[in-house]
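Reading through the structure tokens given below for one structure.
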Amino acid sequence: GGPAIQKAAESGDPKSIPFPRPMLDDPDRLQFSFSGLKTAVRYKLVGPGKSDFSELALDAKQTADIAASFQEAVVDCLVGKSIHALRKTGMNTLSIGGGVAANKRFREKMDAASKKHGFQLYIAPFSLCTDNAVMGAIAVERYSAGLFDPLDVDIQSGLVRVSH
Numbered sequence: 017g018g019p020a021i022q023k024a025a026e027s028g029d030p031k032s033i034p035f036p037r038p039m040l041d042d043p044d045r046l047q048f049s050f051s052g053l054k055t056a057v058r059y060k061l062v063g064p065g066k067s068d069f070s071e072l073a074l075d076a077k078q079t080a081d082i083a084a085s086f087q088e089a090v091v092d093c094l095v096g097k098s099i100h101a102l103r104k105t106g107m108n109t110l111s112i113g114g115g116v117a118a119n120k121r122f123r124e125k126m127d128a129a130s131k132k133h134g135f136q137l138y139i140a141p142f143s144l145c146t147d148n149a150v151m152g153a154i155a156v157e158r159y160s161a162g163l164f165d166p167l168d169v170d171i172q173s174g175l176v177r178v179s180h
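Shown next, in the form of structure tokens:
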């Protein structure tokens, strides 16, 4: 998952492998699809049309370079699509949360993009950037126990504004 890729990528060269940036060229398409990118990684590892990883042997540098290059491609897509969405909607503020917001490289590149393109960026603190499945599980547990919050509960923002 994301944390393992981030850790493996720390000592890698993100420019070592030119992985594709899927669906990034068309500013009107805001959908994400990483199937082509994942296929490119598989081809790099075992070759086209092959799926047997049993004989795969990578040294630490190869692993780090593949992880860094993959992470960079994903981050470029996320940042690029976010910029496309802001332009398309005319908005100038972006809030980011969830598991992907825990990725350090994503935060760095999104912060740089906000400065370059002049939009306000709010990123949830690391402690709140977890897998959303946990929130779903908590909701089910609370529902099963009959624990409900009133509809007029006050909302408290935990977002941190990234200053320029």
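In terms of this note's numbering, the sequence shown is residues 17 to 180. All residues carry an ideal CB built from backbone N, CA and C; glycine is no exception.
{"Asked": "Residue 47, DSSP secondary structure in three states", "Found": "coil"}
{"Asked": "Rounded separation between residue 65 and residue 37 - CA only", "Found": "21 Å"}
{"Asked": "Three CB pairs or more closer than 8 Å across the stretch 103 to 121 and the stretch 49 to 57", "Found": "no"}
{"Asked": "Helix, strand or coil at residue 61 [DSSP, three-state]", "Found": "helix"}
{"Asked": "Spatial distance of residue 113 from residue 75 (CA atoms)", "Found": "34 Å"}
{"Asked": "Proximity below 7 Å, CB of residue 81 to CB of residue 28", "Found": "yes"}
{"Asked": "Neighbour-count burial assignment, residue 156, 16 or more Cβ in a 10 Å radius", "Found": "exposed"}
{"Asked": "Inter-residue Cα distance where the pair is residue 89 and residue 73", "Found": "23 Å"}
{"Asked": "Residue 137 vs residue 110 beta-carbon contact at 7 Å", "Found": "yes"}
{"Asked": "Nearest residue (CA-CA) to residue 116, options 140, 135, 134", "Found": "140"}
{"Asked": "DSSP state of residue 109 mapped onto helix, strand, coil", "Found": "strand"}
{"Asked": "Pairwise C-alpha distance: residue 21 and residue 78", "Found": "13 Å"}
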